[in-house]
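To keep things clear, I will list the structure first and then write my remarks on it.
In this note's numbering, the protein residues as written are 879 to 1443.
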């Protein structure tokens, strides 16, 4: 709470906020509107903290605020590796499916048009309370796993206790910000370059983030780099600026007299450290506006996190479970890392066809409202997706690890056990992630955006549709296009190749609502692939059957009669 006094001091107030412990024999009620309180509550699920406030509808003055922190939430934080989203919410035991559904709440894998409402902001406000709590605990679990696996921290060590305290401080400071009138700022994590994030000589005086009003994950150093601060220890420059605008005392006698001073403060909005993006800006194509990301270069930072995830999987395979633990604990940890992997992959996809959106007015600096992501960055993002999602070795799990992934058999009133498939659905989980990414890259929305960006850019400065199709086909079908002997295509690669074929077939047969140029390119790429397949054979029966079926499907697709209205 007292972190915010830094901002109020810059607005001219000393000790603006004071905190006292409510005595056991207090004669006042925490619900009394004259008191602003932080309160513990108890619920069954315990996934949230929130900061409701009461506002005078005539003046906008905030009259009272109460921050609610679920006591069960804290207990769950101490269960380091708990998989937050219930595994049985949809279909057979596939945690990834459930986790993706959970992310749909947050807008991670959601079309920007999927939430239509007469009062969109009102709907989002309710969802964010749920999303923030669920994903908050999951992010905490990833960080605590990193503490154990990378720092060898024991569950009750000072390192873990400090980690918990620092995270609670972030949660409370975020909710206090809401009670002071601040909205979310999902560019709050963009203050520092990736290589500055773990340099405490920079983060301690300058801060870790632009604003604590973002949804901030633990800052995990990449492999080989000394760990810095996991969470911000001070409010950011945007927070200072917003408090100054909203609270600074002036000698003005009326609003018109105050207008000049407020305009002077607001004119600083073009500074990079004061950048702003609230809830309604976070659903579309800007790769700098995300929940649960970090740093001013998300493309680099996300790849660091994917490397961390791979390292965590490797160490889980070699060291867990420890004696006396259930194998289901390992399965939950594996899934938690899986969700983190999918999340950081999503941030990379936003660079392809991405545009930086600015709220600046005309004359506020040189930036236009929309600035396409540089084509070099988009190509780097495509290369990263090939490496971490589509490559033959993208998911190389040891058989010993996969055979340890047992489901929970613990049945009680607060936990149900799955009665479907017992073993872990390895192929389904990996394919689901690959399919989500591939279909997102070739979605009508992204292809339409890429087509439009060609008109918004100088020649050679945009990622073209042919470049997108070429890159995907060359990467996904590399065994066929650059064959080596003996030719053997793995089951995971066959699955993603079939999905690629399904998508392009849908375009050619006009069941996909993509622009005409994309349909033509899909036809062209299938023709190219068919010609290559004519000269490729394999002694591996899986591979040969796959190649022959693919040739047959392409031939039938290209020769099909398409009916259109």
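In this text, a Cβ means the ideal position worked out from N, Cα and C, and glycines have one as well.
Beta-bridge pairing of residue i - partner residues as DSSP gives them
i, result
"residue 946", "917 and 928"
"residue 940", "933"
"residue 1249", "1234"
Nearest neighbour of residue i, chosen from the options [CA to CA]
i, options, result
"residue 1233", "1186, 1357 and 1165", "1165"
"residue 1420", "1438, 1381 and 1371", "1371"
"residue 1120", "1129, 1153, 1400 and 1095", "1153"
"residue 1425", "1111, 1218 and 1409", "1409"
"residue 1416", "1318, 1380, 1366 and 1246", "1366"
"residue 946", "1350, 1056 and 1018", "1056"
"residue 1174", "1161, 1150 and 1388", "1150"
"residue 1343", "1358, 1196, 1323 and 1361", "1323"
"residue 1106", "1081, 1113, 1093 and 1124", "1081"
"residue 1027", "1199, 1361, 1389 and 1223", "1199"
"residue 1285", "1210, 893, 1182 and 1111", "1210"
"residue 1122", "1368, 1432 and 884", "884"
"residue 1157", "1148, 1264 and 1167", "1167"
"residue 1263", "1066, 1390 and 1346", "1346"
"residue 1102", "1176, 1147, 1380 and 1186", "1186"
"residue 1194", "1039, 1240, 1277 and 1255", "1277"
"residue 1314", "1042, 1301 and 1378", "1378"
"residue 1188", "1135, 1139 and 1279", "1279"
"residue 1085", "1066, 1093, 1099 and 1100", "1066"
"residue 860", "1203, 1319 and 1021", "Only positions 879 to 1443 of the chain appear in the structure, and residue 860 is not among them; the question remains open."
Inter-residue Cα distance where the pair is residue i and residue j
i, j, result
"residue 1237", "residue 1141", "15 Å"
"residue 911", "residue 942", "6 Å"
"residue 1356", "residue 1406", "13 Å"
"residue 898", "residue 1035", "28 Å"
"residue 1201", "residue 1208", "12 Å"
"residue 1448", "residue 1045", "Outside the modelled stretch of the chain, which goes from 879 to 1443, sits residue 1448, for which no answer is possible."
"residue 939", "residue 930", "14 Å"
"residue 1033", "residue 1257", "42 Å"
"residue 1116", "residue 1178", "24 Å"
"residue 1169", "residue 1071", "17 Å"
"residue 1423", "residue 1349", "25 Å"
"residue 1068", "residue 1228", "16 Å"
"residue 1387", "residue 1253", "30 Å"
"residue 1048", "residue 1015", "13 Å"
"residue 889", "residue 880", "15 Å"
"residue 1089", "residue 1273", "35 Å"
"residue 909", "residue 900", "13 Å"
"residue 993", "residue 1161", "No answer about residue 993 holds up, because its pLDDT of 37 lies below 50 and its placement is not dependable."
"residue 1316", "residue 1383", "14 Å"
"residue 1402", "residue 1271", "28 Å"
"residue 1110", "residue 882", "13 Å"
"residue 1363", "residue 1287", "46 Å"
"residue 1299", "residue 1413", "41 Å"
Residue i (DSSP reduced to helix, strand or coil)
i, result
"residue 911", "coil"
"residue 1234", "strand"
"residue 1428", "helix"
"residue 888", "helix"
"residue 965", "Residue placement at residue 965 is flagged as unreliable, the pLDDT there being 33, under the threshold of 50; a coordinate-derived value is accordingly withheld."
"residue 1121", "helix"
"residue 895", "coil"
"residue 1134", "helix"
"residue 1093", "coil"
"residue 1264", "helix"
"residue 1170", "coil"
"residue 1305", "helix"
"residue 1339", "coil"
"residue 1023", "helix"
"residue 1390", "coil"
"residue 1437", "helix"
"residue 901", "coil"
"residue 1045", "helix"
"residue 1329", "helix"
"residue 1363", "coil"
"residue 1277", "helix"
"residue 879", "coil"
For residue j and residue i, believed in contact at Cβ under 8 Å, the rounded distance
i, j, result
"residue 1075", "residue 1097", "5 Å"
"residue 1025", "residue 1019", "Rounded, the Cβ-Cβ distance is 11 Å, inconsistent with contact."
"residue 1404", "residue 1435", "6 Å"
"residue 1307", "residue 1248", "The Cβ separation is near 36 Å, so there is no contact."
"residue 1235", "residue 1171", "Contact doesn't hold; Cβ gap of about 16 Å is too wide."
"residue 1132", "residue 1180", "The Cβ separation is near 49 Å, so there is no contact."
"residue 1392", "residue 1312", "Contact doesn't hold; Cβ gap of about 20 Å is too wide."
Distance cut-off 8 Å: residue i Cβ against heavy atoms of the ligand SAM
i, result
"residue 1243", "No copy of the ligand SAM occurs in the structure displayed, which carries no ligand at all."
Cutoff 9 Å: residue i Cβ touching any chain B Cβ
i, result
"residue 1018", "Any reference to chain B falls outside this structure, which holds one protein chain only."
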